[in-house]
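Novice: When you number the sequence shown by this note's numbering, it's gap-free, plus one each residue, and the end is 1610.
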Amino acid sequence: MKRPLLIILMLIFVFTTWVQALPYYYTIEPVEVGNLAPRIKRSSPFVAGDKILTIRMSGTILAAIDANTGEILWETPLGGAAVPDVWADWRRVYVATGERATNQFMAFDLMTGRRAYYNQIPGDSDRSYNSRLLPVGDRILVPIE
């Protein structure tokens, strides 16, 4: 008889602790996102600290946007149309281009946008990137079609 009561008390404790830890709602005021909307046209944005990283224009420019003000912090031309998603860690932004002959994998400094790494993917120029970058441990997998 004591065991079911203990389980019920444990569930009540876990449930109330979990519910209290979650906010009831999130509010995003239009004035807060109004400056960002025109700048994010093609990609899924990636948030890294106080920066929003995205691919702009026709997919050929990597940009970092200040999450608080909407100001563009830096932009970097990619030399080809990028896969619509970027990925970042605490110091680098990773992106792949995927227009067949321009298949490249690149890393950029998170603070400045300067290119830190570049690799032209060898092989068949008929292949292209069409998926997200996949971080796995200390590596990033670049799916190729």
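Note that the Cβ used here is the ideal one computed from N, Cα and C, for glycine as well. Given the structure is predicted, the values throughout are model-derived calculations rather than measurements.
Out of curiosity, what's the CA-to-CA distance linking V1560 and G1535?
Specialist: Taking the straight line joining both Cα atoms gives about 21 Å.
Novice: Can you give the Cα-Cα distance for G1578 and F1570, rounded to whole angstroms?
Specialist: Using only the alpha carbons, I get a separation of about 15 Å.
Novice: Can you give the Cα-Cα distance for D1603 and L1527, rounded to whole angstroms?
Specialist: The alpha-carbon atoms of D1603 and L1527 are separated by roughly 23 Å.
Novice: Looking at the secondary structure, which residues open and close the beta strand (DSSP E) in which I1526 lies?
Specialist: Here the beta strand (DSSP E) through I1526 covers I1526 to D1531.
Novice: Taking C-beta to C-beta, are L1575 and A1553 nearer than 7 Å?
Specialist: Closer than 7 Å, so yes.
Novice: Going by other Cβ atoms of all chains shown within 10 Å of its Cβ, with 16 needed for buried, is R1556 buried or exposed?
Specialist: R1556 comes out exposed.
Novice: Would you check if the distance between the CB atom of A1532 and the CB atom of L1518 is smaller than 7 Å?
Specialist: No, they are not a contact pair.
Novice: Counting only the same chain and skipping the five closest in sequence on each side, list residues whose C-beta sits under 8 Å from that of T1541.
Specialist: Counting only Cβ-Cβ distances below 8 Å, and skipping sequence neighbours, we find I1526, L1527, A1528, F1573, G1578, R1579 and R1580.
Novice: Would you tell me roughly how many angstroms separate the C-alpha atoms of Y1583 and T1562, rounded to the nearest one?
Specialist: Their Cα atoms are separated by approximately 11 Å.
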